[in-house]
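What follows is a set of notes on a single structure, which appears directly below.
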Amino acid sequence: MMTANALMDNSMKFAEEIRHIACIGAGYVGGPTCAIIADKCPELIVTVVDVNEDKIAQWNSKNLPIYEPGLSEVIERDVVRGIYFFQPIFQKRYVKRNLFLYPLILQQKPMDEEMEWHQT
83 MMTANALMDN
93 SMKFAEEIRH
103 IACIGAGYVG
113 GPTCAIIADK
123 CPELIVTVVD
133 VNEDKIAQWN
143 SKNLPIYEPG
153 LSEVIERDVV
163 RGIYFFQPIF
173 QKRYVKRNLF
183 LYPLILQQKP
193 MDEEMEWHQT
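Remember, the working numbering sits 82 above the position in the sequence shown when you count from 1.
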């Protein structure tokens, strides 16, 4: 059984090895989350992939698919430093990323229905 310190050491070693991150899903969770990761961690290359060509085209333009205060400025900085929005989602170059993010959200339904997971 590993101690808490040993687990922390292993986590830190893993974090130090990460150089590329790929996020599957460029929706209102994946896109902004990866923009902030790219902004706050300029040493990383961040790739966001999605099956929706129109959404990817919007992320690569001045007309972002969603609005968040300050997001367009973050994206402008990130494009220079290394955030990439691509489609289609599964090509050989994406498999070489160190870490994949798959953003999910929990959507609240009316009380008589169950909650369900939705991919963004």
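Even for Gly, the Cβ is constructed at its ideal location relative to N, Cα and C.
Being a predicted model, the structure only gives us computed values, none of them experimental.
How many angstroms separate the CA atom of C123 from the CA atom of G152? Along the sequence shown, read from residue 1 onward, the residue named residue 123 stands at position 41. Along the sequence shown, read from residue 1 onward, the residue named residue 152 stands at position 70. Rounded to the nearest angstrom, the two C-alpha atoms are 17 Å apart.
Applying the criterion that 16 or more other CB atoms from any shown protein chain within 10 Å of the CB defines a buried residue, is K137 buried or exposed? Counting from one through the sequence shown, the residue named residue 137 turns up at place 55. Burial call: buried.
For Y110, which beta-bridge partners are listed by DSSP? Here residue 110 is taken as the residue at index 28 of the sequence shown, counted from 1. Bridge partners of Y110: none, in fact.
Cβ-Cβ distance between Y166 and T129 below 7 Å: As a position in the sequence shown, residue 166 is number 84, starting the count at 1. As a position in the sequence shown, residue 129 is number 47, starting the count at 1. In this structure, T129 lies closer than 7 Å to Y166 by Cβ.
Proximity winner among G113, D132 and A139, relative to I157 (alpha-carbon distances): Locating residue 157 in the sequence shown gives position 75, counting from the first residue. It is G113.
I'd like the span of the beta strand (DSSP E) that includes I165, first residue to last. Translated into positions along the sequence shown, residue 165 becomes position 83. That run of the beta strand (DSSP E) goes I165 to F168.
Proximity winner among V161, N145, R159 and A108, relative to V131 (alpha-carbon distances): Walking along the sequence shown from the start, residue 131 turns up at place 49. Comparing C-alpha distances from V131 to each of V161, N145, R159 and A108 shows the shortest one belongs to A108.
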